Structures are given as structure tokens and as C-alpha cells.
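Letter by letter, the sequence shown follows residues 98 to 316 of my numbering. In what follows, a structure is listed as C-alpha cells, so that the remarks can point back to it.
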Amino acid sequence: MSEQTRTVRLPVMRRVLEANDDIAAATRAELALRGIFAIDLMGAPGSGKTALLEATLRALAGRRRPAVLVGDLATRRDGDRLARWCDRVVQISTGDGCHLEAIQVRDALAQLDLDGVDLLFVENVGNLICPVGFDLGQTAKVGLFSLTEGDDKAAKHPYFVAEADLLLLNKIDLAPHLSFDRAGFEADVRLLNPSVPILDISATTGEGLDAWLTWLTDR
Ligand SMILES: Nc1nc2c(ncn2[C@@H]2O[C@H](COP(=O)(O)OP(=O)(O)OP(=O)(O)O)[C@@H](O)[C@H]2O)c(=O)[nH]1
Ligand SMILES: [Mg+2]
Ligand SMILES: [Zn+2]
98 MSEQTRTVRL
108 PVMRRVLEAN
118 DDIAAATRAE
128 LALRGIFAID
138 LMGAPGSGKT
148 ALLEATLRAL
158 AGRRRPAVLV
168 GDLATRRDGD
178 RLARWCDRVV
188 QISTGDGCHL
198 EAIQVRDALA
208 QLDLDGVDLL
218 FVENVGNLIC
228 PVGFDLGQTA
238 KVGLFSLTEG
248 DDKAAKHPYF
258 VAEADLLLLN
268 KIDLAPHLSF
278 DRAGFEADVR
288 LLNPSVPILD
298 ISATTGEGLD
308 AWLTWLTDR
């Protein structure tokens, strides 16, 4: 990158992020006014974000009134999976975008009837890097790791860990088959985020989901 490109690009990027923050702030105010608790669920591709939401929606049926936004570059597959458990689901197609932005969330919310909704889940694009930098107007950021990704991922993604209000460690059912250093993983997390709760879960067996549901309902 030439020196000139660098000086031109940085202010442009800053303006993009400022514009994003303004829209996110408006969304946050609107959601607060409606009493909607909104979660930005972030995690690597295949870590189990949709599986967790499927299990969560199933468990909350009849108790809460959730809505779901889900971002992917292509396909409606996750939206279709989640629509089996929730009648307010919008799939956001990002095309070549590797993260969700506040404007996409705002436009997707405009497609939903939010009357009576008390909980909003936003499944971000599978990516541990840039979703962290884009405020969506959420109340809380939840970071999902899984055992199959390896125990070094917290240390390698410091911003993801530092920004999280809650960390979930999924696929705990696979522990007997993997050599995941759980204590080392937690030690890496603690250096970056001393107080974030870490919950071990399995979206497929349901192990640990009670603690996740308690965290949700306590908020
Ligand atoms: N054994 C096991 N498999 C899981 C668990 N959670 C998810 N999976 C599997 O992991 C794969 C990926 O799960 P998804 O829920 O699609 O993952 P995702 O994070 O939504 O993936 P993207 O949306 O593509 O980023 C699927 O085959 C799931 O069945 C778990 O707790 N245990
Ligand atoms: Mg998914
Ligand atoms: Zn991105």
C-alpha cells in the first residue's frame, strides 16, 4: 500500500464506521424503547450459531417472543432452519460482505412486526474478525467458540474476546474425542477479559443450555 493510499483510506474507513455507529445508536434507542433485549451472536463458520439458536428458540417457545435476523453471504439455509422455530425471521444476504452492518440490521428490522417482541437474536456472518468492529445496536455481544476450532482461538482473536459480554464454548459433547486444553483456553480469555462469563454448552445434546437460558432471562 502506498503512503498516499494509506492517508486516503483511513479517513474513509473512519467515516464508514462513524456512519455505522450513528445508525446503530438509533437502532439501540428504538429497541430500548420497545423493551427488546438484542444479542449479536458472533462466532466462526460452523461453530454452531444456528444450532444454538435452534435449541434456544425451541426452549423458549411459549415463554418469550423472539425475533431473529441471520446474515450469510449466500443461501437462505440458516433462515429456513430457524423459521421452523420462530415466525419472525429475516435472512440478510450480504453478498460479498463478511460481517453484518447496522444499516442491514435496521432494514431487516423494518420488515418485521416488532409488536410484542421481547428478544432479538442476530446471527452474524461466520467470522471472528470484522463483525467485532461493527456495532449493530445490540444490547449484548455473545461470542461463540467451539471445541473443534482448537483451544488457541481466544488468544488469536483478542478483540473478539475483549468485546464479548458472554462467551459460549460449544460442542462440549465432543471433549472425549479432542485434546482441547480447557484450562489454557480460559487462561487466555482471562488475560483479555477478566470478568466475562464462560459457559460450556452443547447445542446438540442440550448440555449447559440451562445456564445460557438463565443468563438470557436474568438480563
Ligand atoms: N457435536 C456437536 N455438533 C454441533 C454442535 N453444535 C453444532 N454442531 C454441528 O456443527 C455444524 C455447524 O453448525 P451450525 O449451527 O450450522 O454452525 P454455524 O455457526 O451457524 O455456521 P455458519 O452459519 O455457517 O457460520 C452442524 O453440522 C451442527 O450439527 C454441538 O454442540 N455438538
Ligand atoms: Mg449459521
Ligand atoms: Zn467483514
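Note that CB positions come from ideal geometry on N, CA and C, so glycine has one too. Owing to the predicted nature of the structure, the values given are computational and were not obtained by experimental measurement.
Roughly how many angstroms separate the alpha carbons of residue i and residue j, rounded to a whole number?
{"i": "D210", "j": "R185", "result": "8 Å"}
{"i": "R143", "j": "R162", "result": "Per the sequence shown, residue 143 should be read as Gly rather than Arg. Their Cα atoms are separated by approximately 26 Å."}
{"i": "T124", "j": "A237", "result": "13 Å"}
{"i": "L107", "j": "I226", "result": "18 Å"}
{"i": "R111", "j": "D315", "result": "36 Å"}
{"i": "S99", "j": "T302", "result": "The predicted position of S99 is uncertain, since its pLDDT is 49 and thus under 50; a value taken from the coordinates is nonetheless stated next. Straight-line Cα distance between these residues: approximately 52 Å."}
{"i": "D193", "j": "R131", "result": "32 Å"}
{"i": "D307", "j": "D204", "result": "32 Å"}
{"i": "F325", "j": "K253", "result": "With the chain covering only 98 through 316, there is no way to say anything about residue 325."}
{"i": "G168", "j": "A300", "result": "19 Å"}
{"i": "L313", "j": "L179", "result": "18 Å"}
{"i": "D285", "j": "L154", "result": "31 Å"}
{"i": "P294", "j": "D177", "result": "31 Å"}
{"i": "A280", "j": "R287", "result": "10 Å"}
{"i": "A174", "j": "R181", "result": "Checking the sequence, you will find Arg at residue 174 rather than Ala. Between R174 and R181, the C-alpha separation is close to 11 Å."}
{"i": "V187", "j": "T147", "result": "13 Å"}
{"i": "C195", "j": "S292", "result": "29 Å"}
{"i": "A122", "j": "P273", "result": "44 Å"}
{"i": "T191", "j": "A141", "result": "16 Å"}
{"i": "T102", "j": "V109", "result": "Confidence in T102 is poor, its pLDDT being 49 and thus under 50, which makes the residue's placement too unreliable to answer from."}
Are residue i and residue j close, meaning C-beta to C-beta below 8 Å?
{"i": "T245", "j": "L275", "result": "yes"}
{"i": "L170", "j": "V222", "result": "yes"}
{"i": "V202", "j": "A164", "result": "no"}
{"i": "D118", "j": "D212", "result": "no"}
{"i": "I120", "j": "I200", "result": "yes"}
Might you give, ordered along the chain, the residues of its own chain that have their beta carbon closer than 7 Å to the beta carbon of residue i, omitting 5 neighbours on each side?
{"i": "D297", "result": "L266, I269 and G305"}
{"i": "A156", "result": "L306 and L310"}
{"i": "L271", "result": "L244 and T245"}
For the putative contact between residue i and residue j, defined by C-beta atoms under 8 Å, what is the C-beta separation to the nearest angstrom?
{"i": "E260", "j": "V229", "result": "5 Å"}
{"i": "F134", "j": "L216", "result": "5 Å"}
{"i": "L128", "j": "G234", "result": "6 Å"}
{"i": "L166", "j": "I189", "result": "6 Å"}
Can you find a CB in chain C that lies within less than 8 Å of the CB of residue i?
{"i": "L310", "result": "You won't find chain C in this structure, because it holds only one protein chain."}
Within its chain, find whatever has a CB closer than 6 Å to the CB of residue i; leave out the 5 residues flanking it on each side and keep chain order.
{"i": "G240", "result": "M139, F257, A261 and L264"}
{"i": "F277", "result": "L244 and D248"}
{"i": "N290", "result": "V258 and A259"}
Skipping 5 residues on each side, what residues in its chain have a beta carbon closer than 8 Å to that of residue i?
{"i": "P151", "result": "Here residue 151 turns out to be Glu, not Pro, going by the sequence shown. So the list reads R178, L179, R181, W182 and A300, once near-sequence residues are dropped."}
Give, in chain order, every unbroken run of the alpha helix (DSSP H) that is at least 4 residues long and sits entirely within the stretch 199–279.
-> Segments of the alpha helix (DSSP H) lying fully in the stretch 199–279: 199–206, 250–253 and 255–260.
Q. In chain order, which alpha helix (DSSP H) runs of at least 4 residues are fully inside the stretch 120–184?
A. For the stretch 120–184, whole alpha helix (DSSP H) runs of length 4 or above, ordered along the chain, are 146–157 and 174–180.
### Complete runs of the beta strand (DSSP E) confined to the stretch 285–316 [at least 3 residues]
Runs of the beta strand (DSSP E) inside the stretch 285–316: 295–297.
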